[in-house]
Amino acid sequence: MRKFAVLGAGGFIGYRLTEYLLLNEVAVPRPIVRSFRSMARVSKFDLDMRIANALDVRGLADALEGCEAAFHCVVGNRNTILGSIEATYAACRQAGVKRLIYLSSAVVHGHNPCPGTDEDSPLLKVQPFDYNVSKVLAEEKLRSMMSDATVECVILRPCIVFGPRSTFWSAQLASDILAGKAYLVDGGLGICNTIFVDNLVDVMVLCAKHPAAPGNTFIVKDAERVTWRQLYTALAAAVGVDPSGIQSVSSAADDGPPVLPASESVYYAARTIWKSRVFRAAKELVRSPSTVSLAIKLRSWLKSPETRAVARRPPAQSMVLDPEIVSLQLCQYELPTRRLANVLNYQPRVSFDVASLRTAEWLRFAFGSAE
Amino acid sequence: MSADKGMKIILVGCGAVAERLYAPCLRHLVDDGVLGDMVLIDRSEKQIEKVHRILPNASVRVHLSEVDTELDGSLVIVALPHNLHARATITALQAGAHVLCEKPMARTVEECDAMLTTETASARLLAIGHFRRFFPAVNVIRDWIAEERLGKLISFRFLEGEVYSWPAASASFFSREAAGGGVLIDAGAHTMDLLLWWMGSVEELVYSDDASGGVEANCILKLKMQSGVVGFVQMSRDWPLANQYYFEFERGWLLYTCDIVDSFRWGWSGNHLAYHVVIEDDLGVGFDRLPKSVRSGCTMMRCFERQLSNVLAAIQGKQRLVCPGTEGRKAVGLIERCYRERQVLRQAWLPKNEQAKLETFRNDEVRP
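Here the protein sequences line up with chains A and B, keeping their order. If you count the first sequence from 1, you need to add 941 to reach my numbering. If you count the second sequence from 1, you need to add 3 to reach my numbering.
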């Protein structure tokens, strides 16, 4: 059976991909993780797991030896995002890996893409969020390297990836809902552009095998047009909370700050906050392979006077707005998946409703209430 | 300072537990003149260097056999991968050393029995590193259960888990051959020890985990104790759980947060008030042996030091071992029983075909 390498196999998506490959007998997964401690999750399977630094070409090349395809699911700060894609491409070339599937992000188009945005739209290099810019730069780097055509590359742009083991878009949101800290912007009518993790790994595997995939970039999302309210409602149901109790905040400009279109004002608010050193450090933390507890710690960081001063009129005394979440919730555009359908003939297999039920099952387990 | 001044300490294995816990404690005891010579043993130069930085006066060896002649009367601390616990302990006991073996005592009851037989024959002491027994809160909870302060214990619910963050120096924790299992035999060895220490023997259990050819990252254990108490334990090393132990008594409840050494909460049933207990007493375990610098307050590190002090005092015949080998064997016995009766953990969030596939891994397990 063919061997597929999964870089970042200890993380949310990398782990699910590894599990999927094995349990569906698609290929023999070769998990690649960065340290012994990262082996904990994947070691439930008897696999040829390797330890390699995602920035070390030689180490990666050894780990990739004999693999037909490699999936890049490495997370980290800007240095890791940029350094690892460069090292991975070089290592694939060195190890003779035929195809590389790179997990980019739909945030390369910003949080609220202009109507008409698709895979060919120019990427937004100027954004207030470092992660987004890093992903843009990483794609550019990969494109410049793949011009030598030694490794077939596919770039995937998922947006809000949720499902079992999703720290942020499932567990943390559910925790916030339980704790009464969750909020919806403008009633949660913004477009969420969700992708259930199982649908995402379906696409990843398809991209590793399909002859028409190489050289393409695909936006990946669920079949349905899902709003933020729908996502929050599903998570609230999972943890037994009445979703009508989730607070709503308005993006409309109020007294004081300059009147700007909603998304623009949030942009400036976010940019101002971003300049805060404290906030930047906290964001770096949350982008590391974070846990729920780490995310909770981040929330306490955000309660600092420095950040609270920037958030505009919180609706409740205890409400602390995360500029990234606010910005994401203002999205008014449903990203298109025409290319995925046309080139790979792909339709998402798991509906949002089923995905929500599966996520709920996992949340019950993760919160210690599965008996 | 005492009769054991000059007692040689031989630390076998310089992995994460040696570096993070044993070495700093030993350093304290050396600084306070409690201990004499020290030897560090490990095959990894890198690891031994890390520990040597903390214990710069210690001599360094690669293998236990290099100190054959120095073992008699010394204290050997076995901090090796689980599969080497029995062998190293038996070698040390046979050569006349006392042994403090890290938890779990071994991978199997069979190995434990071989260790205990050697201990008896050698007339030396074998202690097991279940250092949570030195937490003041853990001791008070034990008393409250035994004394029925809140009435008879009815049930308990333990949720313990985190994303694995222990700075493991090797892959041994993730190999069934080396570790004997996953989260249950690793962090769970402490939990099983406390469970048995607090509540006595287990009558019935239903155990499930998610090992699928490897070692489990998650497990669920449902128990009925011989006392009639029923319980639920969930452990994880890939997901943060509440890290709390909840006890329900006839007339009240008690909530203990894992690794908080000196406090817990409790309340009466039907009453909205909750009480926070902070324990300041030292328990008297090895207190006379503790250096002045650690006598105020209580931290996890200090509990670890108390464990070492207890072992040293027991060697001198001044105290009873808080966790002798016979106790370590009980935890291994329960873990072994769980693995023997293992069922596949229900993972209802997976598609049906994948859940079915998980069932096929059941018979692929290898017990050491």
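All C-beta atoms, glycine included, are put in the ideal place defined by N, C-alpha and C. As the structure is a computational prediction, the values presented were derived from the model and not from experiment.
Annotation for A:Thr1158: the continuous beta strand (DSSP E) segment containing it runs Thr1158 to Val1161.
The DSSP-derived three-state label of B:Pro27 is helix.
For a cut-off of 8 Å, the C-beta gap from B:Thr329 to B:Leu119 is around 7 Å, short enough to register as a contact. CA-to-CA, the gap between A:Ile1118 and B:Val236 works out to about 25 Å. Close partners of A:Asp1089 in chain B (Cβ separation under 8 Å) are lacking, with about 35 Å as the shortest Cβ gap. Secondary structure of A:Pro1054 (DSSP, three-state): coil. Three or more beta-carbon pairs drawn from the stretch 944-951 of chain A and the stretch 995-1013 of chain A are found closer than 8 Å, and the two stretches are therefore classed as touching.
Within chain A, no residue has its beta carbon less than 7 Å from that of B:Lys355; the closest one is some 11 Å off. Ranked by Cα distance from B:Leu257, the options B:Arg332, B:Phe159, B:Trp352 and B:Ala190 are led by B:Phe159. Taking CB atoms only, B:Glu219 has a neighbour in chain A less than 8 Å away. Considering only beta carbons, the part of the stretch 162-173 of chain B lying closer than 9 Å to chain A consists of Leu162, Gly164, Glu165, Val166, Tyr167, Ser168, Trp169, Pro170, Ala171, Ala172 and Ser173, in chain order. Judged by DSSP in its simplified three-state form, A:Val1138 adopts helix. In the structure shown, the three-state DSSP call for A:Ser1062 is coil. Listed along chain A, the residues sitting closer than 7 Å to B:Gln237 by beta-carbon distance are Gly1309. Listed in chain order, the non-local C-beta contacts of A:Ile954 below 6 Å within the same chain comprise Cys1014, local neighbours out to five positions each way being set aside.
Of the candidates B:Cys341, B:Lys227 and B:Leu96, B:Leu96 places its Cα closest to the Cα of B:Ser77.
Between the alpha carbons of B:Ala334 and B:Ile148 lies a gap of roughly 19 Å.
For A:Thr1300, the three-state secondary structure derived from DSSP is helix.
In terms of CA proximity to A:Ala1123, A:Gln1270 leads the group A:Val1077, A:Ala993 and A:Gln1270.
Counting only residues of its own chain and dropping the five nearest sequence neighbours on each side, A:Glu1165 has a CB closer than 6 Å to the CB of Phe1293. Here DSSP, grouped into helix, strand and coil, assigns B:Ser175 to helix. Residues of the stretch 194-223 of chain B with a C-beta atom less than 9 Å from some C-beta of chain A are Asp212, Asp213, Ala214, Ser215, Gly216, Gly217, Val218, Glu219, Ala220, Asn221 and Ile223, listed in chain order. Among the residues facing chain B, A:Asn1140 is not included, as its CB has no counterpart in that chain under 8 Å away. Between A:Leu1001 and chain B, the shortest Cβ-Cβ separation is not below 8 Å.
A Cβ-Cβ distance of about 5 Å is found for the pair A:Lys1076 and A:Ser1046, placing them in contact under the 8 Å criterion. Fewer than three Cβ pairs drawn from the stretch 124-135 of chain B and the stretch 225-244 of chain B lie within less than 8 Å of each other, which leaves the two stretches out of contact.
The C-alpha of A:Phe1070 is placed about 10 Å away from the C-alpha of A:His1052. Among the residues of chain A, those whose CB is under 7 Å from the CB of B:Lys360 are Leu964, following chain order. Listed in chain order, the positions of the stretch 253-267 of chain B with a beta carbon within less than 8 Å of a beta carbon of chain A would be empty, since no residue qualifies. Here B:Leu276 is exposed: its Cβ has fewer than 16 other Cβ atoms, across all protein chains shown, within 10 Å.
For a Cβ distance threshold of 7 Å, residue set Ala981 and Arg982 of chain A lies close to B:Asp241, ordered along the chain. In this structure, B:Ile131 and B:Tyr259 do not form a Cβ contact; the two beta carbons are roughly 22 Å apart against a cut-off of 8 Å. With respect to B:Gly16, B:Asp40 sits apart: the two C-beta atoms are not nearer than 8 Å.
If you draw a straight line from the Cα of B:Val233 to the Cα of B:Ser211, it is about 17 Å long. Within chain B, the C-beta atoms nearer than 8 Å to that of A:Phe986 come from Ser215, Gly216 and Gly217, in chain order.
Counted as a single uninterrupted DSSP element, the stretch harbouring B:Asp75 is not any alpha helix (DSSP H), since DSSP gives it neither H nor E.
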